[in-house]
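Numbering (this note's numbering), first residue to last: 20 to 395.
Step one of this worksheet: look at the structure below.
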C-alpha cells in the first residue's frame, strides 16, 4: 500500500510540474499581476471589447495559477496527515488522506487534459459533419451510427446538440449530416476526430451474412464568434435552395427552405435546413461557411508549425484514423495513437474520451502519427 501511495504522490508532482511548464509559471504570474493592476484603471473600459478580452485572459490565468497552488497545498497537507496518522497510529486519518490523494491524482490528470485545450478556437462551439463513403447502404448505415455516436458523446459531456442538416440514404442510414455542438471546449475536444472511420461487421443488409468493410468520414470545424473577422466575397459563392429531407419530427422540418452555399475558390460546401425560414437557413449557412474557412486557416497554421498533412483525403482504404471491428472479434483501435477498446458497443454509445485524450496529447507533442498496424 505504501508503494502505491508513493507512486500516486510522484504522479501528482509530475502533473504539477507539467502544468507549471504549460502555463509558463513565472511569465503567467507577472502577466496576472499586470492584468490585476489594469483592471483597476477606469480608462480600461473606454474600449469595451478590449476590456472584455483582457478580463477573460485574467480569469483564465487566475484559475490556472490558483488551481496549481491549491494542488500543491492539498498535496502537502495530505502527506503531512499521513505522517501524523502513522506517528499516532491512527489508521482512519491515514486512510482518509490516502483517499484524498487518489482523488487529487484524478483531478490533476483531468487538468492536464484541459491544459491541452488551449488552441485559438478550442473553447468555441463546433460543427461536426458526417459523410458516408463508397458502398451505398452499408456506408450510409455506418454514417448514421457515427452520427448517433457523436450525439451520445456530446450529451454525456453535457453539451447541447442541434442537427443543422441531414441527407437520407436511399434505403437506410444517411448520406451526410451536420451537427452543431454547443458547450465549453466543444471544438477542442472534437477537433482530433476529423478523418476516415472504418467499420468491419457482418452486414445486416446481406442475406448471406457476409462480413463487410465500410467507411465514413468526420469533419470538424469551430464556430466563429464575432471577434474573428472572416471576409467572404459573395461573388465567389453559389447559393442554391432545395427541399429539406430527413426523418421529420425532432430531426428536421421538411420544407422548401433548405440552403446550400458553395465557395468556389476553395470548393467548400455547406448546407442548412434546420429552420423553416429560408432567410434563417441562409444566415446560418453563411455562419457555417465562415467557420469552415476559419478552420481551413487554422489547419494551414498547424501544418506550418508541425509539418503535418492534415488535408481531407479519400474516404477509403489507407486514410482511416480509427477502425471499429464488430466481427469476428470486437475491438476499436486508433491508428494514430494505438489506443484500443475491447467494448465497441460502449464506444459507439459515446465513450470516446480515452481516444480523444490520447489524440490531444499526441497533437500537443507535435509528433508525426504513430505507425500503428491496422486491424484485419
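Every residue, glycine too, gets a C-beta built ideally from N, C-alpha and C.
Cut-off 6 Å between Cβ atoms - residues of its own chain near residue i, not counting five sequence neighbours on either side
| i | result |
| --- | --- |
| residue 284 | 255 |
| residue 290 | 184, 279 |
| residue 166 | 149, 196 |
| residue 360 | 351, 366 |
| residue 257 | 281 |
For residue i, the three-state DSSP class (helix, strand or coil)
| i | result |
| --- | --- |
| residue 283 | coil |
| residue 343 | strand |
| residue 353 | strand |
| residue 277 | strand |
| residue 359 | strand |
| residue 148 | strand |
| residue 223 | coil |
| residue 43 | coil |
| residue 138 | coil |
| residue 252 | coil |
Heavy atom of the ligand ADP within 6 Å of residue i beta-carbon
| i | result |
| --- | --- |
| residue 41 | Among the components modelled here there is no ligand, and therefore nothing to report on the ligand ADP. |
Cβ neighbours of residue i in the same chain (closer than 7 Å, five flanking residues each side left out)
| i | result |
| --- | --- |
| residue 157 | 222, 224, 231, 233 |
| residue 103 | 112 |
| residue 259 | 279 |
| residue 324 | Low per-residue confidence applies at residue 324: pLDDT is 48, beneath 50, and the placement is therefore not dependable enough to give any value. |
Cβ-based burial, residue i [other Cβ within 10 Å; buried from 16]
| i | result |
| --- | --- |
| residue 38 | buried |
| residue 293 | buried |
| residue 96 | exposed |
| residue 206 | buried |
| residue 263 | buried |
| residue 210 | buried |
| residue 101 | buried |
| residue 356 | buried |
| residue 83 | buried |
| residue 241 | buried |
| residue 173 | buried |
| residue 138 | buried |
| residue 303 | buried |
Residues that residue i bridges to, as DSSP identifies them
| i | result |
| --- | --- |
| residue 215 | 236, 339 |
| residue 184 | 197 |
| residue 260 | 278 |
| residue 290 | 279 |
| residue 167 | Paired residue(s): none; residue 167 is not in a bridge. |
| residue 481 | Since the first residue of the chain shown is 20 and the last is 395, residue 481 is not available in this structure. |
| residue 179 | 201 |
| residue 241 | 145 |
Cβ distance (whole Å) where residue i is taken to contact residue j below 8 Å
| i | j | result |
| --- | --- | --- |
| residue 237 | residue 213 | 6 Å |
| residue 375 | residue 208 | 6 Å |
| residue 142 | residue 151 | Contact doesn't hold; Cβ gap of about 31 Å is too wide. |
| residue 146 | residue 310 | 6 Å |
| residue 353 | residue 378 | 7 Å |
| residue 131 | residue 34 | 6 Å |
| residue 90 | residue 123 | 7 Å |
| residue 396 | residue 346 | As displayed, the chain neither begins before 20 nor continues past 395, which places residue 396 out of reach and without an answer. |
| residue 121 | residue 216 | So it is not a contact: roughly 35 Å between Cβ atoms. |
| residue 162 | residue 192 | 6 Å |
| residue 94 | residue 31 | 5 Å |
Own chain partners of residue i with C-beta closer than 8 Å, once the 5 adjacent residues on each side are dropped
| i | result |
| --- | --- |
| residue 394 | 219, 342, 344, 350, 352 |
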